[in-house]
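Okay, structure first, notes after.
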Amino acid sequence: MYINKIHIQNYRNFNDFTMQFHKGLNVIVGSNNSGKTGLLYAINLLSNPAGISVDDFNKNNLLKYPKLYTDAAPSIIIEYNISHRIYEDDTTDESIIRLLPFLGIKEFDENRQQKNGSVEYNISAQIKAVYSLDNKFLEEYKKAVKNESTDFNSYLTVLKRFVENHYSWGYSNGISSTKAEQKAATEVFDIRFIGAERTSEGVRKETKREIAAFTKDSDNAAKIDKFKNDVSSELKKILSPSLTKLSSLFENEKNVIGLEKGNVSISSAIHADFSLADTYTTEVKDTKAGYTMPLQHNGLGYNNLINIYMLIKLTEIQKGRDFRILCLEEPEAHLHPAMQYKLFKYLRDLDQANDLNQQIFVTTHSSNISAVAGIDNIFMLSYNRERDPEDCCQQSLFEQFKDQDDTTCKAEAKAHLTKFLDVTRSDMLFADKVILVEGIAEKLLMPLFMEICGCPYEDEHISIVEIGGKHFNYFVELFNNNAVKKKILCITDNDFMWINKQGHLSKMSKYWGKPVPHIENMRQRFCIDNFCICTQSLGGRTFEDEFLLENMKNHDVAETIFKKALSKTIAEYYDKYGFNIFTWIDHKKEIDKRSADTINKFLNAFLFRRDKKASHVPFYNKLIFAEMFLHYARNKKGDVALELLTDESLFNTDGTSKLIVPKYIQEGLEWLLK
Numbered sequence: 087m088y089i090n091k092i093h094i095q096n097y098r099n100f101n102d103f104t105m106q107f108h109k110g111l112n113v114i115v116g117s118n119n120s121g122k123t124g125l126l127y128a129i130n131l132l133s134n135p136a137g138i139s140v141d142d143f144n145k146n147n148l149l150k151y152p153k154l155y156t157d158a159a160p161s162i163i164i165e166y167n168i169s170h171r172i173y174e175d176d177t178t179d180e181s182i183i184r185l186l187p188f189l190g191i192k193e194f195d196e197n198r199q200q201k202n203g204s205v206e207y208n209i210s211a212q213i214k215a216v217y218s219l220d221n222k223f224l225e226e227y228k229k230a231v232k233n234e235s236t237d238f239n240s241y242l243t244v245l246k247r248f249v250e251n252h253y254s255w256g257y258s259n260g261i262s263s264t265k266a267e268q269k270a271a272t273e274v275f276d277i278r279f280i281g282a283e284r285t286s287e288g289v290r291k292e293t294k295r296e297i298a299a300f301t302k303d304s305d306n307a308a309k310i311d312k313f314k315n316d317v318s319s320e321l322k323k324i325l326s327p328s329l330t331k332l333s334s335l336f337e338n339e340k341n342v343i344g345l346e347k348g349n350v351s352i353s354s355a356i357h358a359d360f361s362l363a364d365t366y367t368t369e370v371k372d373t374k375a376g377y378t379m380p381l382q383h384n385g386l387g388y389n390n391l392i393n394i395y396m397l398i399k400l401t402e403i404q405k406g407r408d409f410r411i412l413c414l415e416e417p418e419a420h421l422h423p424a425m426q427y428k429l430f431k432y433l434r435d436l437d438q439a440n441d442l443n444q445q446i447f448v449t450t451h452s453s454n455i456s457a458v459a460g461i462d463n464i465f466m467l468s469y470n471r472e473r474d475p476e477d478c479c480q481q482s483l484f485e486q487f488k489d490q491d492d493t494t495c496k497a498e499a500k501a502h503l504t505k506f507l508d509v510t511r512s513d514m515l516f517a518d519k520v521i522l523v524e525g526i527a528e529k530l531l532m533p534l535f536m537e538i539c540g541c542p543y544e545d546e547h548i549s550i551v552e553i554g555g556k557h558f559n560y561f562v563e564l565f566n567n568n569a570v571k572k573k574i575l576c577i578t579d580n581d582f583m584w585i586n587k588q589g590h591l592s593k594m595s596k597y598w599g600k601p602v603p604h605i606e607n608m609r610q611r612f613c614i615d616n617f618c619i620c621t622q623s624l625g626g627r628t629f630e631d632e633f634l635l636e637n638m639k640n641h642d643v644a645e646t647i648f649k650k651a652l653s654k655t656i657a658e659y660y661d662k663y664g665f666n667i668f669t670w671i672d673h674k675k676e677i678d679k680r681s682a683d684t685i686n687k688f689l690n691a692f693l694f695r696r697d698k699k700a701s702h703v704p705f706y707n708k709l710i711f712a713e714m715f716l717h718y719a720r721n722k723k724g725d726v727a728l729e730l731l732t733d734e735s736l737f738n739t740d741g742t743s744k745l746i747v748p749k750y751i752q753e754g755l756e757w758l759l760k
């Protein structure tokens, strides 16, 4: 039995929000203030409805109180849709009893199925919970709002008074609208909530609560009572001398204060009156030194890991384990990455084997957790301030990667991301905006480029993801027509071949006149307004050669960039002849023999260029050096990028960079900031 859908109205960030869930593990990711904590609290309210305050109402709606709440008081509505499969011959399943007040008879009949000689029902139930003002006080509320509410703050004061005194939860069958008792609704599930601001003691209380539950079983209770009586008898024997002395004392002195006349006597006894839950303690043992100590004296990270593990494992031996939900807020707190990985690999493996025995909701900011949780278990959550009214949006990645037609595009993307959505790349799930780049050089230099362009990298919550090739479509598919709209900027190479197989340099008209197939394919596939793709436009075919071409505007900067990729001998040759292609050709015999073949390939390409227009010579001159730079940087792009970031000669005295950002990247960043 599990919650398959929740519908939340007017609660915290949620104006009118619906979300579907899985039976087992549900991992909810998103940036700060996206609604993750509010969602967990909304789930927890089903079993633990106390603690609602004026701050739990949707603030955007409260701000409209003159229009919305002068004649009607605000309310919170949460509907829980529940799914469960029962078998007609299973007499031990208690779920039908719990769900009976919230079932729809029509749906019950429609979902009857017969399989392999057994009759089963995929039943649905709906619990509707409404937190509202008692109607008896509506006129009083309206009068108070009219007389006392002069602005928003004064309205909140009025509302707070009514919430604290005249608001309560009401429950009904969401299918038939039949009213139900609060106890019937709150006892459908046993929900445990472990918050982010937990301590070891706080989690330990949850474990002790589990132990206390064992004692409520009638068989266990009888055995425990017998044990307590036996302990009492043994204690009486041990303490017999003291008890005899006390009894004699009371007997001898009982009338001194007039007890005998009042028909009162005093005796002494020993009763083993204790709670088993209070006697329970978890101990940890140092396997090297051999000593043990209470869990709360151990490190906080391991304590949380142990206690979370125990809460999960205890469900295997509890009756009614099918009715349990665990809400786990930010489990990465106090856990280093390796422990996060181990915990969630364990949860994912249990879920895949259908051995989880409960529904688990996890909210996280950890890319370590999202990387191992599994794509099918992840939900993205965001708060959309562009909507009217503002509201939260969600997207199940399981649903996102379902192909809606005969194609396999989404299935291919899912298979790729399952392999390559690692800790670094899954960071984009938490960002507000994403920049996808092909290689390490762009990834390393992009923060500096953003600073130069006045793009606030941290403030905009931008994630820069290196995809390691041209598989942009797999990553963009994450956000293709996704309810969680993130701006996705793809910075890709056009890979134009300037030097053909014959060693000739192509005409520049072909560079600007020929569409790039992989770019055109992406533009056609992703016709969405939150997607933009940018590529080189000055003559470069990759980031490296375009970068040098752009920085040729400053000779000293271009020289520094160029020499970062060169060998010592070629750098010395450059020092003699600079960026003049004709001088290089005239003195090519001076080139080191180990580099002669490579350099001559570029020089000959210039000599045998197809375009002989004199006005185009300066462009081809620069292009040859850009292609040469690309060739020598090809196998050390990351190293070259790091050297550019740390070379003090490339920075002004005020700390600003002298580098010029390639035009296509500038244009992409401008789009990202719109």
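Position one of the sequence shown corresponds to residue 87 (this note's numbering), numbered consecutively onward.
Note that beta-carbon positions come from the ideal geometry of N, C-alpha and C, so glycine has one too.
Just so we're clear, the structure is a prediction, and the values are computed from it rather than from any experiment.
Handout entry: Exposure of Met536, with buried meaning 16 or more beta-carbon neighbours within 10 Å
Key = Here residue 536 is taken as the residue at index 450 of the sequence shown, counted from 1. Flag for Met536 reads buried.
Exercise for the section: Let me know if Lys405 comes out buried or exposed under the rule of 16 or more other beta-carbons within 10 Å of its beta-carbon. Expected result: Numbered from its first residue, the sequence shown carries residue 405 at position 319. The predicted model places Lys405 with a pLDDT of 49, which falls under 50 and marks its position as unreliable; any figure quoted below should be read in that light. With fewer than 16 Cβ atoms within 10 Å of its Cβ, Lys405 is classed as exposed.
Practice task
Could you tell me which residues DSSP puts in a beta bridge with Gly256?
Solution key: The residue given as residue 256 occupies position 170 in the sequence shown. According to DSSP, Gly256 bridges with Val216.
Problem - Distance, His422 Cα to Arg680 Cα - result: Residue numbering aside, residue 680 sits at position 594 when the sequence shown is read from its first letter. Residue numbering aside, residue 422 sits at position 336 when the sequence shown is read from its first letter. If I take the Cα positions, the gap works out to 50 Å.
Exercise for the section: Could you tell me whether the Cβ atoms of Phe447 and Cys413 are closer together than 8 Å? Expected result: One-based indexing of the sequence shown puts residue 447 at position 361. One-based indexing of the sequence shown puts residue 413 at position 327. For Phe447 and Cys413, yes; Cβs fall inside 8 Å.
Handout entry: Whole-number beta carbon distance between Ser169 and Asn101, since they are thought to touch under 8 Å
Key = In the sequence shown, the residue the question calls residue 101 occupies position 15. In the sequence shown, the residue the question calls residue 169 occupies position 83. Their Cβ separation, rounded to whole angstroms, is 26 Å, which puts Asn101 and Ser169 out of contact at 8 Å.
Exercise for the section: Measure the C-alpha to C-alpha separation of Gly754 and Cys620 and round it to an integer number of angstroms. Expected result: Here residue 754 corresponds to residue number 668 of the sequence shown, with the count starting at 1. Here residue 620 corresponds to residue number 534 of the sequence shown, with the count starting at 1. Roughly 6 Å separates the two Cα atoms.
Handout entry: Limits of the unbroken alpha helix (DSSP H) element including Lys519
Key = The residue you call residue 519 lines up with position 433 of the sequence shown. Here Lys519 belongs to no alpha helix (DSSP H); instead the beta strand (DSSP E) covers 519-523.
Exercise for the section: Run the CB neighbour count on Pro748, radius 10 Å, all protein chains shown included, and call it buried at 16 or more, exposed below. Expected result: Walking along the sequence shown from the start, residue 748 turns up at place 662. Buried, because 16 or more other Cβ atoms sit within 10 Å of the Cβ of Pro748.
Exercise for the section: Note down the Cα distance separating Tyr560 from Asp477, rounded to an integer number of angstroms. Expected result: Residue mapping note: residue 560 aligns to position 474 of the sequence shown, counting from 1. Residue mapping note: residue 477 aligns to position 391 of the sequence shown, counting from 1. Distance between the alpha carbons of Tyr560 and Asp477 is about 28 Å.
Practice task
Compare the Cα-Cα distances from Arg611 to each of Lys571, Asn738, Thr493 and report the closest residue.
Solution key: Locating residue 611 in the sequence shown gives position 525, where the first residue counts as 1. Taking only the C-alpha atoms, the option nearest Arg611 is Thr493.
Problem - Contact check, Glu756 vs Trp584, beta carbons under 8 Å - result: One-based indexing of the sequence shown puts residue 756 at position 670. One-based indexing of the sequence shown puts residue 584 at position 498. Cβ distance not < 8 Å, so Glu756 and Trp584 don't count as in contact.
Problem - Residue burial classification, Trp598 (beta-carbon count within 10 angstroms, cutoff 16) - result: For the purposes of this step, residue 598 is taken as the residue at position 512 of the sequence shown. By the neighbour-count rule (16 or more Cβ atoms within 10 Å), Trp598 is not buried but exposed.
Practice task
Could you tell me the distance, in whole angstroms, from the CA atom of Tyr543 to the CA atom of Asn566?
Solution key: Locating residue 543 in the sequence shown gives position 457, counting from the first residue. Locating residue 566 in the sequence shown gives position 480, counting from the first residue. Rounded to the nearest angstrom, the two C-alpha atoms are 24 Å apart.
Handout entry: Residue(s) in a DSSP beta bridge with Tyr495
Key = Here residue 495 is taken as the residue at index 409 of the sequence shown, counted from 1. Reading the sequence as shown, one finds Cys at residue 495 and not Tyr. Cys495 is not bridged to any residue.
Problem - Rounded Cβ spacing between Leu242 and Ala159 (contact assumed at less than 8 Å) - result: Start at 1 with the first residue of the sequence shown, and residue 242 comes out as number 156. Start at 1 with the first residue of the sequence shown, and residue 159 comes out as number 73. That belief does not hold up - the Cβ atoms of Leu242 and Ala159 are roughly 13 Å apart, past 8 Å.
Practice task
Scan the segment 541-592 and note each continuous beta strand (DSSP E) run of 3 residues or more that stays entirely inside, going in chain order.
Solution key: 548-552, 573-577
Handout entry: Under 8 Å between C-beta atoms of Ile762 and Asn96
Key = Because the chain in this structure spans residues 87 to 760, residue 762 falls outside the shown range and cannot be described.
Practice task
Thinking Asp642 and Phe715 are a contact (beta carbons under 8 Å), I'd like their distance in whole angstroms, please.
Solution key: Indexing the sequence shown from 1 puts residue 642 at position 556. Indexing the sequence shown from 1 puts residue 715 at position 629. Going by Cβ atoms, the distance from Asp642 to Phe715 rounds to 16 Å, so no, they are not a contact pair.
Practice task
Would you check if there are 3 or more beta carbon pairs closer than 8 Å linking the segment 716-723 to the segment 696-705?
Solution key: no
Practice task
Would you tell me roughly how many angstroms separate the C-alpha atoms of Tyr659 and Asp678, rounded to the nearest one?
Solution key: Here residue 659 refers to the residue found at position 573 when the sequence shown is read from its first residue. Here residue 678 refers to the residue found at position 592 when the sequence shown is read from its first residue. When rounded, the distance between both Cα atoms is 9 Å.
Handout entry: Any beta strand (DSSP E) of 3 or more consecutive residues that is wholly inside the segment 434-487
Key = 445-450, 464-470, 477-482
Handout entry: Where Val113 falls: helix, strand or coil (DSSP)
Key = The count along the sequence shown starts at 1 and reaches residue 113 at position 27. Three-state DSSP puts Val113 in a strand.
Exercise for the section: Pull up the distance between the alpha-carbon of Arg184 and that of Val274, whole angstroms please. Expected result: To locate residue 184, count along the sequence shown from 1; it is residue 98. To locate residue 274, count along the sequence shown from 1; it is residue 188. Each residue's alpha carbon lies about 6 Å from the other.
Problem - Residues near Gly625 in its chain [Cβ-Cβ closer than 6 Å; skip 5 each side] - result: One-based indexing of the sequence shown puts residue 625 at position 539. So the list reads Leu635, Leu709, once near-sequence residues are dropped.
Practice task
With a 10 Å radius around its C-beta and 16 neighbouring C-beta atoms as the bar for buried, classify Asp462 as buried or exposed.
Solution key: Locating residue 462 in the sequence shown gives position 376, counting from the first residue. Buried.
Handout entry: Segment limits, beta strand (DSSP E) that includes Phe188
Key = Along the sequence shown, read from residue 1 onward, the residue named residue 188 stands at position 102. Per DSSP, Phe188 belongs to no beta strand (DSSP E) and is neither H nor E.
Exercise for the section: Within its chain, find whatever has a CB closer than 7 Å to the CB of Lys649; leave out the 5 residues flanking it on each side and keep chain order. Expected result: On the sequence shown, residue 649 is found 563 positions in, with the first residue counted as 1. Hits under 7 Å: Ala657, Tyr660.
Problem - Cβ-Cβ distance between Leu515 and Leu758 below 8 Å - result: Within the sequence shown, the letter at position 429 stands for residue 515. Within the sequence shown, the letter at position 672 stands for residue 758. It is not a contact, given that the beta carbons lie outside the stated cut-off.
Exercise for the section: Specify whether the segment 109-122 and the segment 133-142 touch according to this definition: at least 3 beta carbon pairs, one from each stretch, less than 8 Å apart. Expected result: no
Exercise for the section: Assuming Ala517 contacts Lys572 (C-beta within less than 8 Å), just tell me the rounded distance between them. Expected result: What you label residue 517 is simply residue 431 of the sequence shown in a count that begins at 1. What you label residue 572 is simply residue 486 of the sequence shown in a count that begins at 1. Rounded, the Cβ-Cβ distance is 7 Å, consistent with contact.
Exercise for the section: Measure the beta-carbon distance from Ala527 to Phe665 and round it to whole angstroms, keeping in mind my assumption that it falls under 8 Å. Expected result: Position 441 of the sequence shown holds residue 527. Position 579 of the sequence shown holds residue 665. About 21 Å; that fails the 8 Å criterion.
Problem - Contact set for Thr504: own chain, Cβ-Cβ below 7 Å, skip 5 residues either direction - result: Reading the sequence shown from its first residue, position 418 is the one you call residue 504. Closer than 7 Å at Cβ, skipping near neighbours: Ile461.
Problem - DSSP state of Val602 mapped onto helix, strand, coil - result: Here residue 602 refers to the residue found at position 516 of the sequence shown. Correct three-state label for Val602: coil.
Exercise for the section: Determine the direct distance from the alpha carbon of Ala128 to that of Leu391, and round the result to whole angstroms. Expected result: On the sequence shown, residue 391 is found 305 positions in, with the first residue counted as 1. On the sequence shown, residue 128 is found 42 positions in, with the first residue counted as 1. Going from the Cα of Leu391 to the Cα of Ala128 covers about 25 Å.
Problem - Minimum C-alpha distance to Glu546 - residue among Lys265, Lys760, Lys723, His604 - result: Taking the first residue of the sequence shown as position 1, residue 546 is located at position 460. Closest option to Glu546, Cα to Cα, is Lys760.
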